[in-house]
Amino acid sequence: MARKPTAKQQIRKLLDDLEPTVQKAFFDSIDSLKSNIELNRIVERLEQQDIDGAMRALNIDPAAYRPPQKATEEVFESGGNQAAKKVPKAPEAATTTFRFDIRHPTAEQELRQYSSTLVTRITEDQRQAIRDALADGISQGRAPRQTALNIVGRLSKVTGRREGGIIGLSGPQAGYVENMRQRLLSGDKDELKKVLTMERRDKRFDRTILDAIKTGKKLDQATVDRMTGRYADRLLLLRGETIARTETMTAFNKGQMSSMSQAIAEGRVSASVVVKIWHAFMDERTRFTHRLLNKTRVAFYDKFQTARGRFMAHPGDPEGGVEECACCRCWMEFAIDFLADLD
921 MARKPTAKQQ IRKLLDDLEP TVQKAFFDSI DSLKSNIELN RIVERLEQQD
971 IDGAMRALNI DPAAYRPPQK ATEEVFESGG NQAAKKVPKA PEAATTTFRF
1021 DIRHPTAEQE LRQYSSTLVT RITEDQRQAI RDALADGISQ GRAPRQTALN
1071 IVGRLSKVTG RREGGIIGLS GPQAGYVENM RQRLLSGDKD ELKKVLTMER
1121 RDKRFDRTIL DAIKTGKKLD QATVDRMTGR YADRLLLLRG ETIARTETMT
1171 AFNKGQMSSM SQAIAEGRVS ASVVVKIWHA FMDERTRFTH RLLNKTRVAF
1221 YDKFQTARGR FMAHPGDPEG GVEECACCRC WMEFAIDFLA DLD
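Just remember that our numbering sits 920 ahead of the position in the sequence shown, which is counted from 1.
Quick look at the structure:
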């Protein structure tokens, strides 16, 4: 007879099932943005050194990121449903089983605030990265079409889709792509050697770089474009993985909090007996601050305090900052401790 999965195994499986949905939704948004690019409009604006006009032509707005927003809403509801299982049944109530209502005004408000903040953060970060790239292209005297293609990517003759570019990348990642481009174009041996230390590079190009170092011959523009394009695509994959892992956990735990708050508001359980338990995956990938929090218990309205001095309502709470939240795999469990109400 098969053993019943532990709570940890159940949660991990649930999150593993949800993460790919969020990741795919993010990539769907990027594909939609790239496939609707009007390159000539962007080039025309750049020829006039009109950065604002080029930004408008790129049309990167919150609506473009509706797919990941919708996906995280589903994760939020899954978290709420998971927490609802911890609410004690009410024998005398008409309905003995508590059910999380995602359309409850409070839940809707919390979800709207979270999802809009997520989309705003992604959009603003993206806009700033692109604005910086446009300004750099103009200041360096780069051809408008070259600048535009460095941002939106180049059409693949094989797939018919745009590859490379910085659409979808974070600000720092866009900077990494530009650093690689400058190093490859420099022809300087020391700068070329630095490219060989860039972790996400396509190592199939290493021989080409080594030959350039040996011969002193500069790499041509087309080769540099291919190298930076592959590098950008790999960074985009990392970006999608990071957003999916981080936001899946955040949305799930926020949903749990919303569900238990709803149960408390309805009088199904007293906040004084609800305990939050932090669970960390105790492996080499887990932050030391989260290892220290493993199995820590706090009251419902209290917060967990990390070794960095950050206070978090739950794993993935944005109040913890990037250092505590990015790619976090920790999860929160509720326990009902009726003895906590006794003096």
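C-beta atoms are modelled at their ideal positions from N, C-alpha and C, and glycine is treated no differently.
Using C-beta distances below 6 Å, list every residue in its chain close to residue i, excluding the 5 sequence neighbours before and after it, in chain order.
i            : result
residue 1183 : 1007, 1018 and 1189
residue 938  : 995 and 1168
residue 1028 : none
residue 1148 : 1097, 1100 and 1101
residue 984  : 949 and 953
residue 1208 : none
residue 1228 : 1209
residue 1060 : none
residue 926  : none
residue 962  : 974, 977 and 1068
residue 1030 : 1178
residue 987  : 945, 948 and 949
residue 1201 : 1249
residue 982  : 1039 and 1043
residue 1034 : 1174
residue 1107 : 1138
residue 1240 : 1230 and 1232
residue 964  : none
residue 1124 : none
Is the CB-CB distance between residue i and residue j below 9 Å?
i            : j            : result
residue 1238 : residue 1248 : no
residue 1175 : residue 1020 : yes
residue 1133 : residue 1112 : yes
residue 942  : residue 1164 : yes
residue 1089 : residue 1038 : no
residue 1109 : residue 1136 : yes
residue 1072 : residue 934  : no
residue 955  : residue 989  : no
residue 1140 : residue 1074 : no
residue 1126 : residue 1116 : yes
From this set, the options, which residue's C-alpha is nearest residue i's C-alpha?
i            : options                   : result
residue 1138 : 1030, 1101, 1047 and 966  : 1101
residue 1150 : 940, 1097 and 1226        : 1097
residue 1211 : 998, 1040, 1244 and 1081  : 1244
residue 1032 : 1070, 993 and 1130        : 993
residue 1177 : 997, 931, 1155 and 928    : 997
residue 967  : 1058, 1070 and 955        : 1058
residue 1251 : 924, 925, 923 and 930     : 930
residue 969  : 1140, 1062, 999 and 990   : 1062
residue 932  : 1222, 1185 and 1172       : 1172
residue 999  : 1203, 1170, 1240 and 1241 : 1170
residue 1142 : 951, 1223, 1240 and 1070  : 1070
residue 1041 : 1233, 1091, 1191 and 1213 : 1091
residue 1222 : 1106, 1191 and 1116       : 1191
residue 940  : 991, 964 and 1001         : 991
residue 1079 : 936, 1129, 924 and 951    : 951
Apart from the five residues on each side of it in sequence, which residues of its chain come closer than 8 Å, Cβ to Cβ, to residue i?
i            : result
residue 980  : 953, 1043, 1046, 1047, 1050 and 1087
residue 1180 : 1003, 1006, 1007, 1189, 1194, 1220 and 1254
residue 861  : With the chain covering only 921 through 1263, there is no way to say anything about residue 861.
residue 1076 : 1082 and 1083
residue 1025 : none
residue 1166 : 1236, 1245, 1246, 1247 and 1248
residue 1197 : 1215, 1216, 1217, 1252, 1253, 1254 and 1255
residue 1205 : 1249
residue 957  : 978, 1072 and 1082
residue 1094 : 1049, 1050, 1052, 1053 and 1086
By Cβ distance below 7 Å, which residues in the same chain neighbour residue i in space, the five residues on each side in sequence not counted?
i            : result
residue 928  : 1199
residue 1256 : 1006, 1008, 1189, 1193 and 1194
residue 1263 : Since pLDDT at residue 1263 reaches only 49, below the 50 mark, its modelled position is unreliable, and no value is offered.
residue 1225 : 1231
Taking CB distances under 9 Å as the criterion, tell me whether residue i reaches chain D.
i           : result
residue 987 : The question asks about chain D, but that chain is absent: this structure has only one protein chain.
Sorry if obvious, but does the Cβ on residue i come closer than 8 Å to a heavy atom of the ligand PLP?
i           : result
residue 924 : Only the bare structure without any ligand can be found here, which leaves the ligand PLP out of the picture.
Touching by the beta-carbon criterion (3+ pairs, under 8 Å), the stretch 1039-1051 and the stretch 973-986: With the cut-off at 8 Å, the stretch 1039-1051 and the stretch 973-986 touch.
The stretch 1118-1130 contacting the stretch 1054-1071, beta-carbon criterion three pairs below 8 Å: no
Validate contact between the stretch 1156-1163 and the stretch 937-955 using beta carbons, cut 8 Å, 3 pairs: yes
Cβ pair count under 8 Å reaching 3, the stretch 1217-1231 against the stretch 1057-1069: no
4-residue-minimum alpha helix (DSSP H) runs that sit fully inside the stretch 1103-1141, ordered along the chain: 1109-1115 and 1126-1135
Length-filtered (4 minimum) alpha helix (DSSP H) runs lying within the stretch 1135-1204: 1141-1185
Runs of alpha helix (DSSP H) wholly within the stretch 948-996 (minimum 4 residues, chain order): 959-967 and 971-978
Segments assigned beta strand (DSSP E), at least 3 residues, entirely inside the stretch 1012-1065: none
Whole runs of the beta strand (DSSP E) within the stretch 1207-1258, excluding any shorter than 3 residues: 1217-1219 and 1251-1256
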